[in-house]
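Asks: There's a structure below that I have some questions on.
Number of protein chains: 2
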Amino acid sequence: MKNIALSSVTALLLLSSFGCSEKGGDTKEETPKVSEPLMEKAKSAGLLPIPEKFVEKVGNELNDAKIELGKKLYFEPRISKSNLISCNTCHNLATGGVDGVSAAIGHGWTANPHHLNSPTVYNAVFADRQFWDGRDPDLEKQAQGPILAGPEMASTVEIVVDTIKSMPEYLIDFKNAFGSSEVTYEKATMAIGAFERTLVTPSRFDTYIQGDSTAMTGVEKEGLEIFIDKGCTSCHNGVALGGSMQLFPAIGEFKYANLGDFKGNAGGMVKTPTLRNILETAPYFHNGATFDISETVKIMGETQLGIKLSDDEVSKIVAFFGALEGEKPEVTYPVLPASTSTTPKPDVN
Amino acid sequence: MKNIALSSVTALLLLSSFGCSEKGGDTKEETPKVSEPLMEKAKSAGLLPIPEKFVEKVGNELNDAKIELGKKLYFEPRISKSNLISCNTCHNLATGGVDGVSAAIGHGWTANPHHLNSPTVYNAVFADRQFWDGRDPDLEKQAQGPILAGPEMASTVEIVVDTIKSMPEYLIDFKNAFGSSEVTYEKATMAIGAFERTLVTPSRFDTYIQGDSTAMTGVEKEGLEIFIDKGCTSCHNGVALGGSMQLFPAIGEFKYANLGDFKGNAGGMVKTPTLRNILETAPYFHNGATFDISETVKIMGETQLGIKLSDDEVSKIVAFFGALEGEKPEVTYPVLPASTSTTPKPDVN
């Protein structure tokens, strides 16, 4: 999984350490794969490995130039009003794809007005819908939101387009990515979406359910079994172990039931967060109410499943989460083009 | 100049495209070097190429592990009070090593109280002193300031040390870098300083004054000659073409003479900024008063040299600055260790 965002399109095939090792052409001796019933049980419960190829969007086919342009724009602070905030500010690739605070902080140090926690960008491609209230269908559309949102990057379409157009290097990048140097807001966010589609993190869990019984430890497997048996997989399923829309807990006075705008905008539905890299993405819940993963698991058992998990069960489930820690793609930090005399000036107010 | 921060210590020798190409072992035909009088004139005026080896500090010898640890800490937002601000926030390696705003913005969206502009971290190692008022002698000492400064990262020594100590991966990093896993604030900033010592950017100007007459264009050479003849080199000299302390313009009512705390703290002295990558580091002056490089050159002529530069002279000097655009070291964006239950929690207030 090294250098994906920079390597050739052939590297779109994820021929890495997880699964399908026959393809690897690795000469060293490998441990024979031993199948276990739990592998099938996990798949029957709807858990899926990360696919071998990046997931493309029809109409936004991936190519190296587009992914590289998307990376630059993902780290580009000058498309924000202040010139200080980029996508990476709240979805920091260094820290699990999140910012680690309970509510996102944006332009003018403004906290998200609904006290919503920044979801991770890693594996976000595997979610059915984007945003906590699921209002956008894909990453390309999602990227259009925070750039313009007042409490986030506080920009305008004009600032974004004028900023990009002011730097000749970006015009070449657009030409290489899209076949035309015409800069539009939609194309900029398509490139960002393309880059984000490469931010997938295969884990030992993937290796395991694809047939390598040695990839997970005994306690991790116990945790996986409890995770399935207790019904966690009724929401946390699919490739992301999450990512689909679920009914928001219909609870009145409950510290975790800060409804945000779910009730009005999304018919009471909220997106189930991915559990991949969950040990890196505290604090938890849509409102970042707690930093403690064990507490989080207990609360979910109570509020979503109506059961009381024992400390032993919780600790094994958390051990299983360790097997979901994924390998991050190697990202070379971009050197962005220099501003020119026509680049819009920052406005920090 | 690729992968310096990650490659072996032998790569501390900068065997790159600038100068001394005999060492390169390059098999392809090279243009014969032609010496020109301007090369000697530039050297006589005190202009120096970037040295072949990274500049080390006695007591903080460089090694790969220390440079890599320093890189992680340079990008580590969790050592700030909010967990949102890192060294890279104001000294962004993607945008010339600066933030592009006139006065640095830190914790709580607070502007620098003296309205001081963030200097670039690239080639900062070549400055005689650190900070605009020159109060610190080197990068290691400088790094101790902004982390604790209320309007910047707003942290405490305790937060920094406790945060680092809470993640086992960092203890291994400290052991590899310093021979002991003991974490201290001083060692953390020594590692950051070590990383910053690798952030040097050889340019066509370096290739030129080391004997390759083809490395600069005719107009760039004209600009260099004007730059010397007009006396710009009396302050902008050395490897950094800047970096030494000079008397602050003794002007009463003048829009660029926002004295900050220079008068009290530094005896009226201010550090001359480096001109390397100057086309990437707008806005200009210690208070970021203007974004226009031509205007900046004109004002400097008037206020510092007492001369009026013609538009033609200014445009040639600015052309010369193009030859100071340096190649940036390739930096792999770090994947930082996951927080643990003992990691101090963010405080955005």
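Here the protein sequences come in this chain order: A and B.
Quick note on the working numbering: the first sequence kicks off at 8 and runs consecutively.
Quick note on the working numbering: the second sequence kicks off at 8 and runs consecutively.
We put the CB at the ideal spot given by N, CA and C, even for glycine.
None of the values given here were measured: they were computed from a predicted structure.
List the endpoints of the continuous alpha helix (DSSP H) containing Q149(A).
Replies: 146-149
Asks: Looking at the structure shown, is L248(B) part of a helix, part of a strand, or coil, going by DSSP?
Replies: coil
Asks: Determine, using beta carbons only, whether K262(B) comes closer than 8 Å to chain A.
Replies: Because K262(B) carries a pLDDT of 47, less than 50, the predicted location of this residue cannot be relied on, and the following value inherits that uncertainty. Output row for K262(B): interface = no.
Asks: Going along chain A, which residues have a C-beta under 8 Å from I112(B)?
Replies: Correct list: S89, L91, V355.
Asks: Around the C-beta of P175(B), are 16 or more other C-beta atoms found within 10 angstroms, so that it is buried, or is it exposed?
Replies: exposed
Asks: Considering just the uninterrupted stretch of the beta strand (DSSP E) at M276(A), what are its terminal residues?
Replies: 276-278
Asks: Please report how far the alpha carbon of Y293(A) lies from the alpha carbon of E193(A), in whole angstroms.
Replies: For clarity, residue 293(A) is His in the given sequence; the question names Tyr instead. Looking at the two C-alpha atoms, the distance is approximately 28 Å.
Asks: When you compare the stretch 55-73 of chain B with the stretch 185-200 of chain B, are there three or more beta-carbon pairs, one atom per stretch, that lie closer than 8 Å?
Replies: yes
Asks: When you compare only the Cα positions, how much space is there between L91(A) and T96(B)?
Replies: 8 Å
Asks: Compute the distance between the beta-carbons of A110(B) and N119(B), then report whether it is under 8 Å.
Replies: In this structure, A110(B) places its C-beta atom within 8 Å of the C-beta atom of N119(B).
Asks: Relative to the C-alpha of L231(A), which residue among L282(A), N183(A), F181(A) is closest?
Replies: L282(A)
Asks: For a contact defined as C-beta to C-beta under 7 Å, what are the partners of L282(B) on chain A?
Replies: Chain A residues near L282(B): none, gap ~14 Å exceeds 7 Å.
Asks: Within 10 angstroms of the Cβ of T205(B), are there 16 or more other Cβ atoms? Answer buried if so, exposed if not.
Replies: If you draw a 10 Å sphere on the C-beta of T205(B), you find 16 or more other C-beta atoms in it, and that means buried.
Asks: Please compile the residues from chain B whose C-beta is within a distance smaller than 7 Å of the C-beta of G333(A).
Replies: Per Cβ cutoff of 7 Å: no residues; G333(A) is ~10 Å from chain B at best.
Asks: My guess is that I166(A) and K50(A) are in contact by the Cβ rule of under 8 Å, so how many angstroms apart are they, rounded?
Replies: I166(A) to K50(A), Cβ: 47 Å. No contact.
Asks: Under 8 Å: do the stretch 220-230 of chain A and the stretch 314-331 of chain A share three or more Cβ pairs, one atom per stretch?
Replies: yes
Asks: Looking only at its own chain, which residues have a Cβ that is under 6 Å from the Cβ of I300(A), when we skip the five neighbours before and after it?
Replies: V325
Asks: Which residues of chain B have a Cβ atom closer than 9 Å to the Cβ of D106(A), listed in chain order?
Replies: P84, N90, L91, P353
Asks: Less than 8 Å separating the beta-carbons of G103(B) and K278(B)?
Replies: No, Cβ-Cβ distance for G103(B) and K278(B) is not below 8 Å.
Asks: How about Y340(B): is its C-beta nearer than 8 Å to some C-beta of chain A?
Replies: For Y340(B), the nearest CB of chain A lies under 8 Å from its own CB, placing it at the interface with that chain.
Asks: Distance check for T347(A) and A161(B), CA to CA, integer angstroms please.
Replies: 33 Å
Asks: Assuming Y177(A) is part of the alpha helix (DSSP H), what are its boundary residues?
Replies: 175-185
Asks: For D219(B), name the three-state secondary structure that DSSP assigns.
Replies: For D219(B), the secondary structure class from DSSP, reduced to helix, strand or coil, is coil.
Asks: Under the assumption that K305(B) contacts L312(B) (Cβ atoms under 8 Å), give the Cβ distance between them as a whole number of angstroms.
Replies: The pair is not a contact, with the Cβ atoms about 11 Å apart (cut-off 8 Å).
Asks: To the nearest angstrom, how far is it from the Cα of P336(B) to the Cα of E302(B)?
Replies: 30 Å
Asks: Quick check on L123(B): does DSSP put it in helix, strand or coil?
Replies: coil
Asks: For I285(A), collect the residues of the same chain with a Cβ closer than 6 Å to its Cβ; drop the 5 residues on either side in sequence, then sort them by chain order.
Replies: F328
Asks: Taking DSSP as the reference, what is the three-state secondary structure of G157(A)?
Replies: Reduced to three states, the DSSP call for G157(A) is coil.
Asks: Who are I112(A)'s beta bridge partners in DSSP?
Replies: A118(A)
Asks: Note down, in chain order, every chain A residue with its Cβ under 8 Å from the Cβ of D299(B).
Replies: S348
Asks: Between the C-alpha atoms of S188(A) and I171(A), what's the straight-line distance to the nearest angstrom?
Replies: 11 Å
Asks: When the Cα of E332(A) is compared with those of P351(A), D318(A), T288(A), P344(A), which residue comes out closest?
Replies: T288(A)
Asks: Kindly list, in the order they appear in chain B, the residues whose Cβ is closer than 8 Å to that of L80(A).
Replies: Near L80(A) there are no residues of chain B at all, since even the closest Cβ is about 11 Å away, more than 8 Å.
Asks: Based on Cα-Cα distance, which residue from Q253(A), M46(A), G53(A) lies nearest to K228(A)?
Replies: M46(A)
Asks: Could you confirm whether any beta carbon from chain B is found closer than 8 Å to the beta carbon of N99(A)?
Replies: yes
Asks: Chain A partners of T170(B), CB-CB under 8 Å?
Replies: By Cβ distance, chain A contributes nothing, its closest Cβ being about 11 Å from T170(B), past 8 Å.
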